[in-house]
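Here full-length UniProt numbering is used: position 273 in the sequence shown is 273, and no number is missing along the way. Take a look at the structure below.
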Amino acid sequence: MKAHDGMFIDGAWRPAAGPDVIEVVNPADEQVIATVPAGTAEDVDAAVRAARAALPGWAATPPAERAARLAALRDRLEARRDEIAGTVTAELGAPLKLSQTVHAGVPIAVAGSYAELAAAYSFEEKAGNSTILHEPVGVVGAITPWNYPLHQIVAKVAPALAAGCTVVVKPAEDTPLVARLFAETVQEAGIPAGVVNLVTGLGPVAGQALAEHPGVDLLSFTGSTAVGRRIGAIATGMVKKVALELGGKSANVILPSADLARAVNVGVANVMSNSGQTCSAWTRMLVHRDQYDEAVELAAAAAAKYGDRIGPLVNATQQQRVRGYIEKGVAEGARLVAGGPESPREKGYYVSPTVFADVTPEMAIAQEEIFGPVLSVLRYDDEEEALRIANGTVYGLAGAVWAGSEEEAVAFARRMETGQVDINGGRFNPLAPFGGYKQSGVGRELGVHGLTEYLQTKSLQF
Ligand code: NAD
């Protein structure tokens, strides 16, 4: 057990203002592995002041130099890849291979992409007799969740730094250790003091203080819709810019002409990865009635294979919440074909990979985000019905379409109310804008669209 006592403010590790700590638990064996300080409004204030003091210097740093610092950050993350992976496995419970490839690999790629974008982006343009300057928005407050703990920090900090903003990060309470490691790499990369600050702490205390702080110009939040709605309202009321990345209930639409086995197998893998704790997971599989029974059989077999290969959920609350949804699905009349509500192990916050058949669109398990390894398979009669079901939730974050030809899949994807659609198993692209339609959020992360979130324009007329 390691007791950490500092927070990263103004380029140094400083003791917290208050005495409270947060225990970090390994969800695979329920052991406390570390403690970190539980920051208060006083710590947040110190961090915001440091970010504000550092802003003029960083904003005036030439983009090529900001790009060089981001490249150094990418290199430091790469150098510490194994440590990052081990840390995420310890505090989130993700299998080590997933931690290496995704939890460490994706943020390295994203940091690298912003090193390139900062160097290549035109921060000035001409329109008629005007010169338009793209200037940093200012001080960014970044509140992040635990499910992809380093990715979600880097997906905010890297574009903010590329834009010339300074940042205060408040990471999720379940996964503060990789956030601390990130702050160390910021220091190692030679990023000036105060440009990136880290305050660990509880959401309703440190998170809320950051959302409410008058020194924050832009609040970027990733997490649940309930919290996002609340703090988004606070920040908007103060006329701050707000970016929200919230929940999802994405549809995996398998059209009759698709390669059914491939679509089902990739679809199940997509849901089970990271134990289902992925906001963009395709948690609703939509299958034509003529192929339905075969698809259910394939999905149940695929889920059974995951038995021992997925990690636990992040904590006991999430485990109970997910098991509650499985019980609700059974009570609503859906048919359990794999997994179930029983805990598969005595220790650790595990939930069995679970598949429901005979799910109808109005059921809670077809409407609400479960955030666990639970797939709902729904039946449709024709394409119009498939589209109504696909678009029939309050969310619109991601999705997939499978068809015999790309043209057919794209024609369907164009009609989906959602921010991303993978066509016939298209790969994750760290340059593609990521974000939600409807209640899945406001704004976009990643690539050039993620960079422009952190810029505001000034026009000079000649
Ligand atoms: P959460 O909303 O409880 O927590 C997210 C962050 O907000 C944490 O840092 C937390 O400390 C903080 N927070 C909590 N209450 C707060 C308050 N009152 N004021 C300020 N900050 C507060 O969500 P979670 O449990 O960490 O994550 C799971 C949820 O997040 C799921 O619903 C999931 O879909 C969503 N999510 C969305 C995306 C996306 O990109 N759209 C990514 C990951 C997770």
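Glycine is no exception: its CB is placed at the ideal position from the N, C-alpha and C atoms.
#1: Starting from the C-beta of aspartate 358, find all residues in its chain whose C-beta is less than 6 angstroms away, skip the five residues before and the five after it, and write them out in chain order.
#2: On the criterion of 16 or more Cβ atoms from any shown chain inside 10 Å, does serine 257 qualify as buried, or is it exposed?
#3: Looking at the C-beta of aspartate 75, does it have a partner C-beta in chain C at a distance below 8 angstroms?
#4: Tell me the rounded alpha-carbon separation between arginine 180 and phenylalanine 8.
#5: If you pair each beta-carbon of the region 124-139 with each one of the region 164-180, do three or more pairs fall below 8 angstroms?
#6: Short of 6 angstroms in beta carbon distance, which residues of its chain neighbour methionine 272, apart from the five on each side in sequence? Order them along the chain.
#7: At which residues does the alpha helix (DSSP H) containing glutamate 91 begin and terminate?
#8: Cβ of glycine 194 within 7 angstroms of any heavy atom in the ligand NAD?
#9: Who are the Cβ neighbours of phenylalanine 371 in its own chain at under 6 angstroms, not counting the five residues just before and after it?
#10: Would you say the beta carbon of tryptophan 146 is closer than 7 angstroms to some non-hydrogen atom of the ligand FAD?
#11: Given a threshold of 16 other Cβ atoms within 10 Å of its Cβ, counted over all protein chains shown, does proline 15 qualify as buried or as exposed?
#12: Would you check if there are 3 or more beta carbon pairs closer than 8 angstroms linking the region 252-270 to the region 289-300?
#13: Mind listing, in chain order, the continuous alpha helix (DSSP H) runs of no fewer than 4 residues lying wholly within the region 124-208?
#14: Tell me whether arginine 414 sits in a helix, a strand or coil according to DSSP, three-state version.
#15: So is the beta-carbon of lysine 2 under 7 angstroms away from any non-hydrogen atom of the ligand NAD?
#16: Just checking leucine 246 against the ligand NAD - is the residue's beta carbon closer than 7 angstroms to any of the ligand's heavy atoms?
#17: Is the separation between the beta-carbon of valine 25 and that of threonine 35 shorter than 8 angstroms?
#18: Give every residue of the same chain whose Cβ lies closer than 7 angstroms to the Cβ of alanine 28, excluding the five residues on either side of it in the sequence, and list them in chain order.
#19: Indicate the three-state DSSP secondary structure (helix, strand or coil) for serine 99 in the structure shown.
#20: Buried or exposed for asparagine 129, please, with buried defined as at least 16 other CB atoms from any protein chain shown within 10 angstroms of its CB.
#21: For my contact list, valine 410 and isoleucine 423 are in at a C-beta cut-off of 8 angstroms; report their separation, rounded to the angstrom.
#22: For the beta strand (DSSP E) holding serine 376, just list the boundary residues, first then last.
#23: State the Cα-Cα distance for the pair glycine 426 and lysine 249, rounded to the nearest angstrom.
#24: Is it the case that the CB of glutamate 173 approaches a heavy atom of the ligand NAD more closely than 7 angstroms?
#25: Using C-beta distances below 6 angstroms, list every residue in its chain close to threonine 175, excluding the 5 sequence neighbours before and after it, in chain order.
#26: Thinking residue 463 and tyrosine 395 are a contact (beta carbons under 8 angstroms), I'd like their distance in whole angstroms, please.
#27: What do you reckon, are the CB atoms on glycine 443 and alanine 432 nearer than 8 angstroms?
#28: Return helix, strand or coil for histidine 288, following the three-state DSSP convention.
With the structure as the only source:
#1: Along the sequence shown, read from residue 1 onward, the residue named residue 358 stands at position 358. Same-chain partners within the cutoff: Ala334 and Arg335.
#2: One-based indexing of the sequence shown puts residue 257 at position 257. Per the 10 Å Cβ criterion, exposed.
#3: Going by chain labels, chain C is absent from the structure shown, which holds only one protein chain.
#4: Within the sequence shown, residue 180 is the residue found at index 180, counting from 1. Within the sequence shown, residue 8 is the residue found at index 8, counting from 1. Rounded to the nearest angstrom, the two C-alpha atoms are 8 angstroms apart.
#5: In short, these stretches touch, since the Cβ pair count reaches three.
#6: Position 272 of the sequence shown, counting from 1, holds the residue named residue 272. Tyr306, Ile310, Pro353 and Pro373.
#7: Along the sequence shown, read from residue 1 onward, the residue named residue 91 stands at position 91. Start and end: 81-92.
#8: Here residue 194 corresponds to residue number 194 of the sequence shown, with the count starting at 1. Because no heavy atom of the ligand NAD lies under 7 angstroms away, the Cβ of glycine 194 does not count as near it: no.
#9: Within the sequence shown, numbered from 1, the residue matching residue 371 stands at position 371. Counting only Cβ-Cβ distances below 6 angstroms, and skipping sequence neighbours, we find Gln277.
#10: With respect to small molecules bound, the structure shown includes the ligand NAD and not the ligand FAD.
#11: Residue 15 sits at position 15 when you count from the first residue of the sequence shown. When all chains shown are included, proline 15 counts as exposed.
#12: Yes, the region 252-270 touches the region 289-300.
#13: The region 124-208 contains these whole alpha helix (DSSP H) runs: 149-163 and 176-188.
#14: As a position in the sequence shown, residue 414 is number 414, starting the count at 1. Three-state result, arginine 414: coil.
#15: Looking up residue 2 in the sequence shown gives position 2. Taking 7 angstroms as the cut-off, the C-beta of lysine 2 does not count as close to any heavy atom of the ligand NAD.
#16: Within the sequence shown, the letter at position 246 stands for residue 246. Yes, the beta carbon of leucine 246 sits closer than 7 angstroms to at least one heavy atom of the ligand NAD.
#17: One-based indexing of the sequence shown puts residue 25 at position 25. One-based indexing of the sequence shown puts residue 35 at position 35. In this structure, threonine 35 does not lie closer than 8 angstroms to valine 25 by Cβ.
#18: Residue mapping note: residue 28 aligns to position 28 of the sequence shown, counting from 1. Correct list, in chain order: Gly93, Gly311, Pro312 and Gly348.
#19: One-based indexing of the sequence shown puts residue 99 at position 99. The answer is helix: DSSP assigns serine 99 an H, G or I state.
#20: Your numbering for residue 129 matches position 129 in the sequence shown. Asparagine 129 comes out exposed.
#21: The residue labelled residue 410 in the question sits at position 410 within the sequence shown. The residue labelled residue 423 in the question sits at position 423 within the sequence shown. That belief holds up - the Cβ atoms of valine 410 and isoleucine 423 are roughly 6 angstroms apart, short of 8 angstroms.
#22: For the purposes of this step, residue 376 is taken as residue 376 along the sequence shown, with counting starting at 1. Taken as a continuous stretch (DSSP letters only), the beta strand (DSSP E) holding serine 376 covers 374-380.
#23: On the sequence shown, position 426 is the one that residue 426 refers to. On the sequence shown, position 249 is the one that residue 249 refers to. The straight-line gap from Cα to Cα measures roughly 19 angstroms.
#24: The count along the sequence shown starts at 1 and reaches residue 173 at position 173. For the ligand NAD, a non-hydrogen atom lies closer than 7 angstroms to the CB of glutamate 173.
#25: Counting from 1 along the sequence shown, the entry for residue 175 is found at position 175. Closer than 6 angstroms at Cβ, skipping near neighbours: Glu91, Leu92, Trp146 and Pro149.
#26: Summary: the structure shown does not reach residue 463, with the chain confined to residues 1 through 462, and so no result is reported for it.
#27: Taking the sequence shown and counting its residues from 1, one reaches residue 443 at position 443. Taking the sequence shown and counting its residues from 1, one reaches residue 432 at position 432. Here glycine 443 is not near alanine 432, since their CB atoms are 8 angstroms or more apart.
#28: Taking the sequence shown and counting its residues from 1, one reaches residue 288 at position 288. Per DSSP, reduced to three states, the secondary structure at histidine 288 is strand.
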